[in-house]
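Per the numbering used here, the sequence shown starts with residue -12, numbered consecutively.
Just so you know, even glycine gets a beta-carbon here, dropped at the ideal spot from N, CA and C.
See structure below.
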Amino acid sequence: MIRNANKLWKVFLVMIAASVGLGVASSTVGANLNATSFNTSANSIASGTLKLVQLDNGVGFSTPISNMVPGDTVNRYVKYTNSGTLAAKALTVKVADSLSTLLTTDGTKGLQVTISNCSVAWTPGTGACSGTTTSLLTSTSLLSLKSTAGSLDSGSIASGAVYNLKFSLNLPSSNTETTVNGVLPASTIQDLSASLTWTLEELQRDSTETNS
């Protein structure tokens, strides 16, 4: 009995010693130093804005065009401003027509457009530019602009830059038709309508890496 008790006591002491050893080892492994540092003044960061704003200049897109005949050219004046805080680039134009008649589905018989910029606002009543006139888009069919954007300015566009644009819409004089006994000819350019949405698009400036 005494011998068995001594054996049990020895086993108990060994278990206690092992437990203490593990505790010391665990404590040793977990011991470490660390340090931190942080800025006391907040690092302020803000993203910019890219905005292109349209405004009719007198006779703009909101003024309808009616009774065009072959050879007619009708001008519309619209102001665009890069009004965001960011510079931009690559200004383009596309057009959509919700009616899709020959006016915009035929590249030869349909409407053509040229776009010019004036360094100051156009005078809508006379079509005069008292500043410098720049051609941005030579005569292009609306059919073409429905599928492929036309380039107006491939360069950079400063924040606050203004484009005073004149859209000159022309129905080609090459359209020759004869109406017989009040019956319009087949594939006529007469009595057609278009409902146009002009979309100008600019891209953000090139991204940069700075050290300032």
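DSSP places T91 inside the alpha helix (DSSP H), whose first and last residues are L89 to T92.
With fewer than 16 other CB atoms across the displayed protein chains lying within 10 angstroms of its CB, I32 is exposed.
A distance below 8 Å between beta-carbons, with the five flanking residues on each side excluded, links S182 to the following residues of its chain, in chain order: D84, S85 and L86. Counting the other CB atoms within 10 Å of its CB gives S161 a total below 16, which places it among the exposed residues. Taking 8 Å as the upper bound for CB-CB distance, L156 and T79 are not in contact here, some 18 Å apart. Counting only residues of its own chain and dropping the five nearest sequence neighbours on each side, C105 has a CB closer than 6 Å to the CB of C116, G118, T120 and N151. In terms of CA proximity to D140, S122 leads the group S122, T91, T113 and L130. Secondary structure note for K133: it is in no beta strand (DSSP E), and the uninterrupted alpha helix (DSSP H) holding it is L129 to S134.
DSSP lists V82 as the bridge partner or partners of W185.
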